[in-house]
Amino acid sequence: MNPRIACMAAAFFLASVAVPTAHAAGWIDQRSVIAVHGDATAGAAKATTCVACHGPNGNAIIPAFPKLAGQRAEYLAGELHKAKLGSRPDSPMTALAAPLTDEDIANLATYFASQARTPSTLPPADSAVLSRGESLYLHGDPARGVPPCQGCHGSDANGPADGAGHLRAWPALRGQNGDYVVQRLKNYRDGKLMDSSNDFVMHGVAQSLDDGSIQAIASWLASLPPGAP
Amino acid sequence: MHAQRLSIPFRTIPLALAIAAALPVHADSGAGIDTWRANKLDPSAGAASEGCDPNGTTWLAPGTRRSPTGNLYHCPPPAPQVTAHGDWQHYGVLQLGYLGTGGDDRNALWNRYVHWDSELILGLLDLSVERPEDGTYANVRASRISDDDQYYQAVFGRAGSYKVQAFLRDMPNVLSADAKSIWNGVGGNVLTLSNGLKPGGSTSADVAAVSSAAPERMLSVKRSKQGLGFNMYLTPEWTAYANLSDEQRKGARPYGGPFFFNFPFPANGGALETVKPIDDSTINVGGGLRYAGTAWRMDLSYTGSFYRDRYTRYTYETPFALYPVVPGAVSAPLTTGQMAMEPDNNYHNLKATFTRKLPMNGELSLTASAGRMSQNDTLIQPIDCQGVFGIGLGGSLQLGPQNPFLYDCSKWNTTAALSRRTADMRIDTTLLDARLVLQPASDVTVRGGLRFNRDDYRNGYLMYNPLTGDYGYVSENGSQGSVVPGEIGLFNPLTSPSALTRIRSLPLDLQTIDADLGADWKIGDRNTIGATLAFNRYEPTNRERRQIDDKSLKLTWVNRSLDWLTLRANYTYKTSDGDRYEYDPYDFTYSSSLPGYVPPQGGTPSHTVEALRKYDMSSRDEHKIDLMATIMPRDDMTISGSLRGDWNSYDAKIGRQAYNTTGATLQWEWQPAPTTTMSVYAAWDHSQLRLSNVQDQQNGAGTDPRLGGPNYAFDGQWWLRDKQRNLYGGATFDHRIGRVRLDASWNYTYSRGIDAYAYAGPTALAYPATVPGAGPGSGEFPAMVYRIQSLTVGVTVPITERVSMRFFDYYERGHVSDWHYLGFDQTLVQDHRVYTDAGPQSYRANLVGMLVNVQL
Amino acid sequence: MHPRSRLLRAAALLGFWIAALPGVHAQQTREDLSRDLPASGELTNADVQSTGRSLLAAPGFAKAKVATNPAFPDATPVGEKTCIACHQLEADHFTHTLHALGLHAAAKADPSIPVCETCHGAGSQHAQAPLTRGSIIAYTKNGGTPIEVQTKTCLTCHEGGPRDHWLGSIHQRNDLSCSDCHNPMAKFSVEGSLARDSINETCAQCHKDVRLQFNRRSHMPLPEGQMSCVDCHNPHGSLTSPLLKTNTVNETCYQCHAEKRGPFLFEHAPVRENCLNCHTPHGSNQHALLVAPVPFLCQQCHVNQRHPNDMHTPQSLATGSNPDERIMGRACNTCHANIHGSNAPSGSKFHE
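Residue numbers (our numbering), protein chains in the order written: chain L, 10 to 238; chain F, 140 to 995; chain X, 28 to 379.
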């Protein structure tokens with residue numbers, strides 16, 4: 010090879026590796042999700058640590074923590090796998106999820122999925138707020154670019170009706186704790202939760218939500234009794 | 140006299156200026172050529188090297204979707220990295236690198252349409268600049284592999300408003316890489332013998348020595364094209380477009396040159412494969428106005444094409460002397476042959492289409508088109524010679540009545556010897572077309588069409604020399620008449636009243652009328668069946684038949700009832716028949732139609748055998764079947780297959796009797812992940828062509844045209860079966876490991892052709908003595924083989940966010956064997972036959988490349 | 028230094044400079060872009076004035092309106108911002124296509140022009156129940172939208188011109204949708220909004236057999252990327268049965284081979300009638316795209332007395348006992364070189 014070409018190529022190479030390259034940290038692809046069939050009994054046994062925050066049988070009493078009871082097993086498993094990625098070291102779940110094996114995660118998810126969700130004990134919000142929340146959930150707000158949540162989360166907020174394949178990882182929201190939903194949506198909006206493909210979707214969705222809308226949706230979801238509407 | 144060369148020096152105008160002065164050129168799928176610019180390095184012009192976005196198509200679902208037929212869409216490329224400058228933004232890629240060739244890298248097949256050497260190249264420059272505010276954009280795309288192989292393209296416009304495009308493209312076409320020319324002046328229009336060969340006085344051994352000592356050279360033609368175009372919305376309904384392109388071809392190619400037969404006369408005659416210069420330019424102009432409204436649509440267009448050839452003819456020296464078949468006579472010394480080049484021609488065409496939407500979801504479309512192809516190039520003289528041509532009886536080359544077969548060059552070597560100085564030929568074309576489609580019910584569509592097409596051939600040429608009163612032409616540069624007395628090609632009612640020779644050109648008008656009627660019926664949601672009846676009447680003039688009628692029925696079926704299968708099938712039956720077949724309609728073009736013609740003793744020889752059916756005129760039956768299936772076994776996999784068959788049987792005892800082709804393909808494609816794709820294909824096709832011919836037995840004087848008569852005896856009949864079989868196979872693989880991308884592709888093509896012959900008796904053969912016995916026999920030619928395998932392996936390594944490097948190797952092995960060229964590796968000169976092109980050669984060649992890819 | 032090398036080196040340095048200094052110019056992130064996009068509903072006057080110029084939507088987009096979806100006629104438009112809230116990755120890929128450039132610019136000038144919903148129809152039903160097939164005009168298999176609706180939607184803007192004869196054309200009758208060949212949602216090809224890398228690859232999805240014929244010994248430069256299927260054929264429909272762009276086969280060939288147009292003083296009748304009498308356009312095992320090897324190609328019609336009708340065996344080849352110019356090399360064409368027609372007054376048999 011011509012020595013001048015070799016020199017040029019080498020110079021190019023050296024100069025370019027000197028510039029640091031940025032690359033994305035790992036993220037979980039939730040577009041291909043396999044069904045979770047763990048052992049609920051083993052999960053129950055492992056869940057003793059969980060109830061401290063998430064309440065008995067996963068019905069969290071403190072509104073800042075999410076209810077796990079009756080949630081889709083694949084969604085719960087996904088959340089635990091995301092916690093294991095450790096992208097948010099300050100979150101309590103990071104340390105708690107670290108020692109879990111895949112089998113543990115499947116068992117825990119199966120256990121909590123099999124529990125029944127109890128209705129909220131807090132007083133519901135103001136009816137204007139609830140009605141706004143319902144409208145946003147069912148019809149979205151085209152003027153602001155807010156898509157209706159029911160598209161993915163189901164008209165009854167129990168997750169998509171057809172629970173096949175990757176749709177299993179889309180969570181039920183019915184009766185979820187309001188404060189938790191508010192914080193979660195704000196985290197999505199601020200780009201703090203980017204651990205999976207579904208997170209990327211929610212990040213986009215949350216861009217159009219202002220604080221008032223977030224509060225309305227969360228309040229309405231929290232006010233829904235469990236079971237069909 | 141040389142025709143004026145019309146050339147526009149586009150190359151001297153910087154591209155930017157050219158765009159500013161733009162007369163637009165826009166090639167779209169409706170009209171024009173130049174729809175794609177790329178090269179062999181990357182036929183996708185950059186799309187393939189972008190790779191896949193590892194994120195996939197959507198966050199909402201896995202994999203990619205399928206087209207309605209069922210083919211998987213490919214993974215989308217990653218979004219470009221855009222850089223903003225205020226209102227504008229830009230993105231692009233620059234690919235520079237180095238290519239190295241090795242092995243048989245001078246081989247003609249390896250270099251067919253590409254010119255790469257070991258050198259630095261511009262792999263690709265693709266830069267786009269946009270202003271999102273109003274949709275204005277500009278794009279430059281270029282790639283330069285070498286001087287002979289490069290393209291540059293620039294486009295600017297505003298989305299939905301207008302577009303201006305300019306391009307420059309050079310492309311090589313290598314015709315021979317092992318040519319040895321005994322002439323000097325290759326590439327020009329005067330070929331002179333090299334190395335001391337004496338025109339008209341060299342022996343075969345002399346010529347063979349010069350040929351073998353000649354250096355091996357490449358004969359190729361380079362096409363250089365420049366184009367400008369624009370396309371513009373005048374209003375939301377009206378668009379206008381225009382384009383202009385100029386293509387120059389320059390180079391040389393193996394051609395020919397006759398100095399009468401060598402095969403019956405050892406050391407006589409001459410079959411010379413001379414080298415023709417190519418130096419011409421074609422200017423194509425097009426423009427139109429289109430209207431698309433709610434009820435009406437209209438399309439008015441003009442197309443013009445102007446061909447200009449630098450040379451009107453080229454001349455070449457012949458090395459060989461001739462001798463006559465009459466003992467004691469002498470051939471006139473002939474030294475020069477000439478070959479007319481293609482004449483400068485003009486083409487104009489106007490076309491108007493009106494379409495009206497009809498109730499019942501229908502449309503009526505009417506088209507009218509008129510065109511003219513004309514040329515009026517200066518004609519060349521009948522022969523290029525000095526002194527005399529023909530045969531000198533008794534050894535004397537003195538003109539006079541004692542030497543009736545000797546002719547005076549001065550009466551034939553100027554254009555004064557012609558009945559006309561310029562060609563003045565013209566064809567006027569007319570087209571009328573009407574189409575109707577209606578949907579009387581939601582599941583039924585009815586369509587019909589009528590079409591009338593006519594070519595009027597204006598003018599004819601009479602071969603008459605006003606200086607001598609002779610009709611006819613000087614055959615084969617004067618050589619035929621210098622070997623065989625009376626065969627110069629001239630008829631004269633006084634001096635040679637029995638000469639049978641062409642005296643007139645052949646006007647070829649034609650007219651076709653087509654009519655078709657069809658219907659499609661949707662059965663349920665998943666099945667569509669259709670039928671079409673079509674009729675075509677073809678009426679040529681001055682051909683064996685005055686009228687040929689084609690009738691056909693086509694049945695189609697589209698099925699989507701199974702979720703994993705899309706099936707399309709169709710069957711066509713066509714039958715072609717005509718009026719009485721006249722085996723010799725050409726008498727009026729021969730001297731036998733002139734007053735004063737006296738049939739020779741024994742009668743006028745028949746033109747050809749009566750039983751011949753030329754296959755464009757013969758009666759024929761055709762069955763055609765097509766099957767296409769797309770199978771979806773898994774979400775990430777597609778299998779597609781096709782079956783084809785076309786069987787033609789011609790009603791001909793002599794001539795083409797059958798032409799059948801069948802084929803099958805299978806493709807498998809798998810996209811397990813956004814960054815992994817692979818595919819495999821395999822295909823096979825087979826064709827068979829059968830013909831029959833019959834040797835004449837009476838030395839060219841036979842008057843009985845019947846097959847089985849004394850001249851075209853059954854014993855002389857022979858048959859040929861040409862069988863071609865092609866096997867194709869290939870695979871591609873594209874995968875990312877981390878951030879490194881691997882790609883590989885393998886392609887295999889194996890073509891094998893066998894020509895097998897059978898004959899009724901040895902008298903059918905050119906050389907009966909070469910076969911034993913007297914009865915029928917058969918044999919076959921050596922297989923004609925073309926087998927090519929190529930493997931490309933590449934790896935792309937990202938260096939920084941914007942820079943990556945691609946290393947690849949492309950290895951190709953080709954084996955070719957064409958029996959036409961058997962023995963040409965030993966010598967290109969056999970007696971008085973001189974060849975220049977030694978034919979296609981097998982090769983093994985390699986291309987290695989290192990490209991640096993920079994995101995701009 | 029050779030001027031070519033100079034140019035290449037300059038280009039290399041330019042590229043190096045652009046690559047090595049990423050921070051000089053602001054990079055537009057996807058978030059920036061999405062904030063630029065209009066939601067449905069009117070832009071305020073302030074927004075329009077702030078662009079500093081009053082723009083008319085380009086004429087080509089005047090027909091852009093929310094597409095009609097007969098399956099869900101009561102759906103209402105939701106606007107691009109709502110669509111891309113969920114479909115961000117699709118929007119990422121779509122943003123730098125020509126459709127996006129034009130529709131975004133047109134929507135900025137005239138807010139009543141939708142972007143996504145121009146092709147996909149009103150999105151309110153789909154937004155509420157995206158798994159309902161056909162709730163949005165989908166162009167994919169199992170998307171739930173009938174093919175006639177798909178093609179009718181594209182033709183709302185793209186009617187006419189090259190697509191003048193779509194209705195009744197062979198592809199339309201075989202139930203092909205525009206999206207079988209085109210995919211404007213990402214830049215798969217450099218031109219034409221195709222579904223594959225290039226025009227040739229797109230056609231080869233179904234017409235693989237024709238594409239493979241181009242791999243034979245003699246072929247036009249289609250595999251080398253120098254031309255495409257669309258140089259000769261109009262896949263959207265045309266007046267001729269093989270979908271040619273001109274009125275006849277020969278006129279198609281003359282576009283690149285104008286030297287064969289003539290008309291010549293002396294014509295070879297099968298040439299004037301149809302180039303395909305002797306040539307096969309997609310690829311051949313013979314030299315020069317011929318249907319059969321010379322001399323047999325010619326001997327299908329030429330049974331004239333004397334030299335055309337002799338049967339040749341391998342003994343007539345250069346390696347045989349009787350080498351014969353009528354079958355060696357270019358065979359008949361060594362003497363009858365101007366076989367497509369001759370303009371020489373002595374060329375009635377194409378010798379000159």
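Here a beta-carbon is modelled for each residue, glycine too, at the ideal position from N, C-alpha and C.
Treat the numbers as computed from the prediction; the structure is a model and nothing was measured.
Listed in chain order, the beta strand (DSSP E) elements of length 3 or more contained wholly in the region 372-420 of chain F are 377-393. Assignment of Arg452(F) by DSSP, reduced to helix, strand and coil, places it in the strand class. With 16 or more other CB atoms across the displayed protein chains lying within 10 angstroms of its CB, Val748(F) is buried. Every beta strand (DSSP E) stretch that sits fully inside the region 208-276 of chain F and reaches 3 residues is listed by chain position as 222-224, 227-242, 258-270.
With the rule of 3 Cβ pairs closer than 8 Å, the region 829-836 of chain F counts as touching the region 778-797 of chain F. The beta carbon of Val42(L) sits no closer than 8 Å to any beta carbon of chain X. Bounds of the beta strand (DSSP E) holding Glu951(F) are 942-956. Taking the C-beta atoms as reference points, Gln185(L) is found nearer than 8 Å to Leu230(L).
Unbroken alpha helix (DSSP H) runs of no fewer than 4 residues, entirely contained in the region 273-305 of chain X, are found at 276-281, 296-300, following chain order. The alpha-carbon separation between Leu961(F) and Leu536(F) amounts to approximately 41 Å.
Segment contact: the region 82-102 of chain L against the region 133-141 of chain L, fewer than three CB-CB distances shorter than 8 Å; contact not assigned.
If you check the CB distance, Ala213(X) and Phe121(X) come in under 8 Å.
Interface with chain X (8 Å Cβ-Cβ cutoff): Leu147(L) is included. Across the structure, Gly988(F) and Asp385(F) are spaced so that their CA atoms are roughly 33 Å apart.
Neighbours of Leu203(X) across chain F, judged by C-beta separation under 8 Å: Pro207, Thr208.
If you check the CB distance, Cys302(X) and Leu317(X) do not come in under 8 Å. In the DSSP annotation of this structure, Asp726(F) is not part of any beta strand (DSSP E), being labelled neither H nor E. Counting along the chain, Tyr889(F) sits inside the beta strand (DSSP E) bounded by residues 879-898. For Pro579(F), the enclosing beta strand (DSSP E) covers residues 564-580. Nearest to Thr517(F) by alpha-carbon distance, out of Asn488(F), Arg449(F), Gln856(F), Gly476(F), is Arg449(F). Look at Gln740(F) here: in three-state DSSP terms it is coil, with no helix or strand label. The three-state secondary structure of Phe872(F), taken from DSSP, is strand. Looking at the DSSP output, Ile764(F) bridges to Tyr710(F), Gly784(F).
The Cβ neighbour count for Trp179(L), taken over all protein chains shown within 10 Å, is at least 16; the residue is labelled buried.
Nearest CB-CB separation between Val190(L) and chain X: not below the 8 Å threshold. Under the 10 Å beta carbon count, Arg773(F) is surrounded by fewer than 16 other beta carbons and is classified as exposed.
Contacts with chain X (Cβ-Cβ distance below 9 Å) from the region 447-459 of chain F involve Asp448, Thr451, Arg452, listed in chain order.
Counting the other Cβ atoms within 10 Å of the Cβ of Ile627(F) gives 16 or more, which makes it buried. With contact defined as three or more Cβ pairs closer than 8 Å, the region 561-581 of chain F and the region 491-507 of chain F are in contact.
Contact between Tyr486(F) and Arg243(X) is absent: CB atoms are separated by about 30 Å, not below the 8 Å threshold. In this structure, the alpha-carbon of Thr651(F) lies about 37 Å from that of Tyr896(F). With distances taken between CA atoms, Asp702(F) lies nearest to Asp664(F) out of Ser549(F), Asp664(F), Ala556(F). Nearest to Val237(X) by alpha-carbon distance, out of Ala803(F), Arg388(F), Tyr600(F), Ser758(F), is Ala803(F).
Apart from the 5 residues on each side of it in sequence, Asp204(L) sits with its Cβ closer than 7 Å to the Cβ of Trp36, Ile37, Lys91, Leu94, Ser96 in its chain, given in chain order. In this model, Tyr372(F) and Ala84(X) are separated by some 12 Å (Cα to Cα). Thr361(X) belongs to the set of residues whose beta carbon lies under 8 Å from a beta carbon in chain F.
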